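Taking it in order: structure first as structure tokens, then the write-up.
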Amino acid sequence: MNIALIGYGKMGKEVEAVAGERGWTVALRRTSRSSPPSEADMRSIDVVIHFARADSLRQHVEEWSKAGKPMVVGTTGWGSDLDAMKRIIDTNGTGLVYGSNFSLGMQIFQRMVRRAGALIDRFPEYDAGIRETHHRHKADSPSGTALMLGTMLLEKLSRKSELVHGTLRGPVKPEQLPIASLRMGTEVGEHAVLFDSPADTIELVHKAKNRRGFALGALLAAEWIRGRTGIHTFDEVVSDLLDP
678 MNIALIGYGK MGKEVEAVAG ERGWTVALRR TSRSSPPSEA DMRSIDVVIH FARADSLRQH
738 VEEWSKAGKP MVVGTTGWGS DLDAMKRIID TNGTGLVYGS NFSLGMQIFQ RMVRRAGALI
798 DRFPEYDAGI RETHHRHKAD SPSGTALMLG TMLLEKLSRK SELVHGTLRG PVKPEQLPIA
858 SLRMGTEVGE HAVLFDSPAD TIELVHKAKN RRGFALGALL AAEWIRGRTG IHTFDEVVSD
918 LLDP
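Numbering (this note's numbering), first residue to last: 678 to 921.
Following this line, the structure appears as structure tokens:
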């Protein structure tokens with residue numbers, strides 16, 4: 678499989694390394710300083726993997742989907758453009774997989790959080806919250822993964838109806854689920870879901886040791902999206918792999 682990488686920072690380089698181990702070729706690398714790819718370059722590509730800035734995504738989706746190339750998007754912070762992206766993909770008859778977190782371990786963690794939320798919902802003495810830490814260069818806060826986990830808990834906890842984050846002023850209301858974010862150092866990413874009662878505290882924690890798990894997930898998504906059309910989530914990819 679020939680891959681085009683859009684964004685050649687730490688994640689792009691990790692994807693390239695893992696791709697080489699799997700016998701796949703990174704045939705094209707693009708950064709913000711790169712000139713547009715030629716038609717010949719685009720014809721040689723099987724799948725495009727995007728880990729660049731969110732403000733460049735729409736342009737790249739338009740140009741690559743018109744060329745008939747499926748995409749994997751690991752960029753976050755573009756959720757408000759999701760409907761527009763769907764229209765572009767559907768118009769051009771191509772496929773796209775997106776996700777706020779391509780870690781396979783995080784996919785397992787999400788399933789644990791859903792189950793835990795359903796259990797905790799039976800016991801009103803437990804409150805819930807989310808804590809996440811990332812390196813100081815991360816562009817978005819809270820992380821897309823933290824928002825996703827929060828949304829999952831809102832679906833499972835009948836007493837919670839609103840996510841709150843940022844600088845909170847005043848007490849948190851009983852129906853609110855807070856997300857606390859910290860940006861410092863070189864932390865790849867840690868997410869913790871907390872359930873607290875007067876008697877005890879339960880914590881579920883996922884901590885990424887490096888970027889390898891994210892790169893592997895992106896490559897599995899790239900393999901999966903070939904031959905498919907429409908826009909899909911990484912959760913769909915993993916669910917299909919677990920229960921084909």
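All residues carry an ideal CB built from backbone N, CA and C; glycine is no exception. Since the structure is predicted, the reported quantities are computational estimates derived from the model, not experimental observations.
*Report yes if the C-beta distance between tryptophan 901 and aspartate 920 is below 8 Å; otherwise report no.*
Not in contact: tryptophan 901 and aspartate 920 (Cβ atoms no closer than 8 Å).
_Are the CB atoms of serine 818 and threonine 771 within a distance shorter than 8 Å?_
The beta carbons of threonine 771 and serine 818 sit no closer together than 8 Å.
*Which class does lysine 746 belong to by DSSP, given the choice of helix, strand or coil?*
The three-state secondary structure of lysine 746, taken from DSSP, is coil.
*asked:* Our contact map puts serine 820 next to histidine 811 with C-beta atoms below 8 Å; I'd like the distance itself, whole angstroms only.
replied: With a Cβ gap of about 6 Å, serine 820 and histidine 811 count as contacting.
*Roughly how far, in whole angstroms, is the beta-carbon of serine 780 from the beta-carbon of phenylalanine 891, given that I think they are within contact range, below 8 Å?*
With a beta-carbon spacing of about 5 Å, serine 780 and phenylalanine 891 fall inside the 8 Å limit used to define contacts.
*What are the complete alpha helix (DSSP H) segments, minimum 4 residues, inside the stretch 694-726?*
If only uninterrupted alpha helix (DSSP H) runs of at least 4 residues are considered, those enclosed by the stretch 694-726 are 716-720.
_In chain order, each beta strand (DSSP E) run of at least 3 residues that lies wholly inside the stretch 761-825_ = Note on the stretch 761-825: whole beta strand (DSSP E) runs with a minimum of 3 residues are 772-775 and 804-811, in chain order.
*Going along the chain, which residues of its own chain have a beta-carbon closer than 6 Å to the beta-carbon of isoleucine 683, five neighbours each way excluded?*
For isoleucine 683, the CB contacts under 6 Å within the same chain, skipping 5 residues up- and downstream, are Arg707, His727, Ala729 and His737 in chain order.
*Cβ of valine 774 within 8 Å of Cβ of lysine 746?*
For the 8 Å CB-CB criterion, valine 774 and lysine 746 do not form a contact.
*Going by other Cβ atoms of all chains shown within 10 Å of its Cβ, with 16 needed for buried, is proline 713 buried or exposed?*
By the 10 Å Cβ count, proline 713 comes out exposed.
_My output table needs one value for aspartate 912: the three-state DSSP class, helix, strand or coil._
Here DSSP, grouped into helix, strand and coil, assigns aspartate 912 to helix.
*Taking the alpha-carbon positions, what's the leucine 734 to methionine 762 distance?*
Between the alpha carbons of leucine 734 and methionine 762 lies a gap of roughly 9 Å.
*Have a look at Glu839, Gly862 and Thr863 and flag the residue whose alpha-carbon is nearest the alpha-carbon of proline 855.*
Cα-wise, what sits closest to proline 855 is Glu839.
*Under the three-state reduction of DSSP, which class applies to serine 757: helix, strand or coil?*
Secondary structure of serine 757 (DSSP, three-state): helix.
*Rounded to the nearest angstrom, how far is the Cβ of methionine 829 from that of arginine 799, given a contact under 8 Å?*
Going by Cβ atoms, the distance from methionine 829 to arginine 799 rounds to 17 Å, so no, they are not a contact pair.
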